[in-house]
Amino acid sequence: MLAITAPGQGAQTPGFLEAWLELPGVTERLTWWSAVTGLDLIRYGTTADAEEIRDTAVAQPLLVGAALIAYEVLGVKPGLVAGHSVGELAAAAMAGVISPEAALVLARERGRAMAEAAAVTETGMTAVLGGDPDEVQTVLKEHGLTPANMNAAGQVVAAGTLEQLAALKDRPPSGARLRSLQVAGAFHTVHMEPAVDTLRRITPGMPVADPGIQVLSNRDGAVVGRGGDFVARLAEQVSTPVRWDSCMETMTDLGVTAIIELPPAGTLAGIARRALPGVEVVALKTPDKLDQARAVADASPSDDTLENA
485 MLAITAPGQG
495 AQTPGFLEAW
505 LELPGVTERL
515 TWWSAVTGLD
525 LIRYGTTADA
535 EEIRDTAVAQ
545 PLLVGAALIA
555 YEVLGVKPGL
565 VAGHSVGELA
575 AAAMAGVISP
585 EAALVLARER
595 GRAMAEAAAV
605 TETGMTAVLG
615 GDPDEVQTVL
625 KEHGLTPANM
635 NAAGQVVAAG
645 TLEQLAALKD
655 RPPSGARLRS
665 LQVAGAFHTV
675 HMEPAVDTLR
685 RITPGMPVAD
695 PGIQVLSNRD
705 GAVVGRGGDF
715 VARLAEQVST
725 PVRWDSCMET
735 MTDLGVTAII
745 ELPPAGTLAG
755 IARRALPGVE
765 VVALKTPDKL
775 DQARAVADAS
785 PSDDTLENA
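For the sequence shown, our numbering gives the first residue as 485, with consecutive numbering after it.
In structure tokens form, the structure reads like this:
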């Protein structure tokens, strides 16, 4: 089975959309989506610097737009889709739960709300790489930090106040390496609860359909069979940890044999290569990888089975 994944915030790099604009129809599509979001997605994806696209209110719709434009250009139907954090909005559109335009508007409002929530208290995120998994969890708890992203064995992202993160730097888990992440705040923690309230308020009026492709939830890696349930999870997910490790376990259980990560690809592809040996992985960073991605898709057994959750 083929899975297509969409990355989350932090994956963006300056100019990562430039090569995609050379393809027919891409500029026109992104111009329309720029009008939808009120943001110049073309400029942000080509000439904007790293600091501009680090802004949560910009990064989130930019990432969703990038994933969706590449998915349209790719033109293959997978057996399963999943997105990491804000990538879940792209996954929802790919699965047919919401329209691309709805995904982009939701990404814009989500980004704004999370940026506002992040401005209340100085918070951040730090990747904890390696170390004993049980000790890592114990140390994070001692420091009052949340394991906001459980990406895979040996890769946890801690989130909390800058003071808590400084204490972690002074007293890290033995054998673990720490890497500060360039994000605006402690995403997927209680610090984001005001953003959850915003999404709960605006999503009830959004047109929603049941998925036409199996779609996984970051909450627990479950296949969600009802569109309304998935949208409700999208709102709650802003303040709860991302269980990408559970998503990969579900991929294994469902028989995923190949994964294509949409742009700006690399992060999820790297995790998959380490955690899912034997699964073919394509990081679709640039259009020159399209033929490879399509060949992998053609070679992957299709599975149209949907499971309710």
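Where a beta carbon is used, it is the ideal one built from N, C-alpha and C, also for glycine.
Exposed or buried, residue i, counting other C-beta atoms within 10 Å across all chains shown (16 or more means buried)?
| i | result |
| --- | --- |
| Asn792 | With a pLDDT of 37 at Asn792, under the threshold of 50, the modelled position of that residue is not reliable, and the figure given next carries that caveat. Exposed: under 16 other Cβ atoms inside 10 Å. |
| Glu535 | exposed |
| Gln639 | buried |
| Asp788 | At Asp788 the pLDDT is 49, less than 50, meaning the model places this residue with poor confidence; the figure from the coordinates comes in the next sentence. With fewer than 16 other Cβ atoms within 10 Å, it is exposed. |
| Ser664 | exposed |
| Gly549 | buried |
| Ser658 | exposed |
| Ala650 | exposed |
| Gln544 | buried |
| Gly571 | buried |
| Leu800 | Because the chain is modelled from 485 through 793, residue 800 falls outside the range shown and cannot be assessed. |
Starting from residue i and walking both ways along the beta strand (DSSP E), at which residues does that stretch end?
| i | result |
| --- | --- |
| Ser664 | 660-664 |
| Met609 | 607-614 |
Going by DSSP, which residues form a beta bridge with residue i?
| i | result |
| --- | --- |
| Asn633 | Val641, Val726 |
| Gln698 | Leu564 |
| Thr489 | Ala566, Glu745 |
| Val795 | Since the first residue shown for the chain is 485 and the last is 793, residue 795 is missing from the structure and cannot be characterised. |
Hey, quick one: how far does the alpha helix (DSSP H) through residue i stretch, first residue to last?
| i | result |
| --- | --- |
| Leu624 | 617-626 |
| Thr511 | 510-521 |
| Ala753 | 751-759 |
| Val765 | Note, Val765: premise wrong, no alpha helix (DSSP H); beta strand (DSSP E) at 764-767. |
| Asp775 | 774-783 |
| Glu585 | 584-602 |
| Met578 | 571-578 |
| Thr530 | 525-530 |
| Pro678 | 677-686 |
| Gly689 | Gly689 -> no alpha helix (DSSP H), and no H or E assigned at all. |
| Gly549 | 540-558 |
| Gln648 | 646-654 |
Taking the alpha-carbon positions, what's the residue i to residue j distance?
| i | j | result |
| --- | --- | --- |
| Lys625 | Leu738 | 33 Å |
| Val707 | Met609 | 28 Å |
| Glu585 | Ala591 | 10 Å |
| Gly614 | Ala660 | 5 Å |
| Met821 | Ala541 | The question about residue 821 has no answer here: the residues shown for the chain are numbered 485 through 793. |
| Leu790 | Trp517 | Caution applies to Leu790, whose pLDDT of 45 falls short of 50 and renders its modelled position unreliable; the value that the coordinates give is listed next. C-alpha separation (whole angstroms): 30 Å. |
| Thr741 | Gly762 | 8 Å |
| Pro491 | Ala777 | 16 Å |
| Arg655 | Val641 | 16 Å |
| Ile488 | Gly705 | 15 Å |
| Gly580 | Asp694 | 7 Å |
Legend entry - Touching by the beta-carbon criterion (3+ pairs, under 8 Å), the stretch 524-531 and the stretch 708-715: Segments in contact, no.
Inset, instruction - Count the CB pairs spanning the stretch 597-604 and the stretch 629-645 that are closer than 8 Å, and state whether there are at least three. - result: Here the stretch 597-604 does not lie against the stretch 629-645, with fewer than 3 beta-carbon pairs under 8 Å apart.
Legend entry - Stretch pair the stretch 765-775 + the stretch 743-753: three plus CB contacts closer than 8 Å: Remark: three or more beta-carbon pairs, one from each stretch, lie closer than 8 Å, so the stretch 765-775 and the stretch 743-753 are flagged as touching.
Legend entry - Stretch pair the stretch 669-676 + the stretch 554-562: three plus CB contacts closer than 8 Å: No contact exists between the stretch 669-676 and the stretch 554-562.
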